[in-house]
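> Going by UniProt numbering, the first residue of the sequence shown is number 1, and it counts up by one from there. Positions of the beta carbon are idealized from the N, C-alpha and C atoms, including for glycine. Here's a structure for you.
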Amino acid sequence: MDIVTRLELLIKEIPSMMDTISDEDFNKKHAKDKWSKKEILGHLCDSATNNHMRFVKIMLSEGLISCEAYLQNQWVSIHDYQNNYSKSELTALWKQLNLQIYYTLKGASENDFNKQCILPNQSIVTLEWLFTDYIEHMVHHMKQIEGK
Numbered sequence: 001m002d003i004v005t006r007l008e009l010l011i012k013e014i015p016s017m018m019d020t021i022s023d024e025d026f027n028k029k030h031a032k033d034k035w036s037k038k039e040i041l042g043h044l045c046d047s048a049t050n051n052h053m054r055f056v057k058i059m060l061s062e063g064l065i066s067c068e069a070y071l072q073n074q075w076v077s078i079h080d081y082q083n084n085y086s087k088s089e090l091t092a093l094w095k096q097l098n099l100q101i102y103y104t105l106k107g108a109s110e111n112d113f114n115k116q117c118i119l120p121n122q123s124i125v126t127l128e129w130l131f132t133d134y135i136e137h138m139v140h141h142m143k144q145i146e147g148k
């Protein structure tokens, strides 16, 4: 299965998985300095926002570009997902952001996927590598949310 198709399947499956989690479990913080499941999903929305911008910049570039890091804890704090969003609102946001990524990358050419960028750690990777890493990061966190 190609990675774009994998994202398409995740977009279809994850909202249903979210419906199986009680609001109490979704909102529960196990420690003050640990994210709740709600905040993890919010973090994935931030990741989608930042990575969508990276993906588009890479696709539009004619040369090697630098991908900036983002301060993930501060993004989650600024958005205050714990208090500002319901589970259904956050799930809908996650879905829409990832649909935007899906629609962007389903039309990407092989040449686009082979374009490169420099990560904050100075390593050089392709758009394909970065997108695959994005999906793996998402799946890792979805397993945390699901409790697996």
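Buried or exposed for Thr-91, please, with buried defined as at least 16 other CB atoms from any protein chain shown within 10 angstroms of its CB.
Thr-91 is buried by the Cβ-count criterion.
> Sort Leu-127, Asn-98, Thr-126 and Lys-29 by Cα distance to Gln-82 and report the nearest one.
Per the Cα distances, Lys-29.
> Can you round the beta-carbon distance between Leu-44 and His-140 to whole angstroms, since I take them to be within the 8 Å contact cut?
In fact, because the Cβ distance is near 10 Å, the residues do not count as touching under 8 Å.
> Rounding to the nearest angstrom, what Cα-Cα distance links Thr-126 and Ser-47 in this structure?
Using only the alpha carbons, I get a separation of about 18 Å.
> From Phe-113 to Leu-130, what does the alpha carbon distance come to, in whole angstroms?
Their backbone Cα atoms lie some 9 Å apart in a straight line.
> Pick out whichever of Lys-115, Asp-133, Lys-87 and Ile-118 has its Cα sitting closest to the Cα of Asp-25.
The shortest Cα separation from Asp-25 among Lys-115, Asp-133, Lys-87 and Ile-118 belongs to Lys-87.
> Taking a contact to mean a Cβ-Cβ separation below 8 Å, would you say Phe-55 touches Thr-104 in this structure?
Against a cut-off of 8 Å, the Cβ pair of Thr-104 and Phe-55 comes out as a contact.
> Indicate the three-state DSSP secondary structure (helix, strand or coil) for Ile-65 in the structure shown.
Correct three-state label for Ile-65: strand.
> Near Leu-97, what residues of its chain come up, given a Cβ to Cβ distance below 8 Å and the 5 sequence neighbours on each side ignored?
If we look at Leu-97 and ignore the five residues flanking it on each side, its Cβ neighbours are Cys-45, Ala-48, Thr-49 and His-52.
> Based on DSSP bridge pairs, tell me the residues matched to Ile-118.
Answer is Ser-66 and Ile-124.
> Residue ranges of each beta strand (DSSP E) run of no fewer than 3 residues wholly in the region 26-51, ordered along the chain?
Entirely contained in the region 26-51, not one beta strand (DSSP E) run reaches 3 residues.
> Is the beta carbon of Leu-99 sitting closer than 8 Å to the one on Ile-14?
For Leu-99 and Ile-14, no; Cβs fall outside 8 Å.
> Helix, strand or coil, according to DSSP, for Ile-21 in the structure here?
Three-state result, Ile-21: coil.
> Measuring straight from C-alpha to C-alpha, what distance separates Lys-57 and Glu-39?
One C-alpha to the other measures close to 27 Å.
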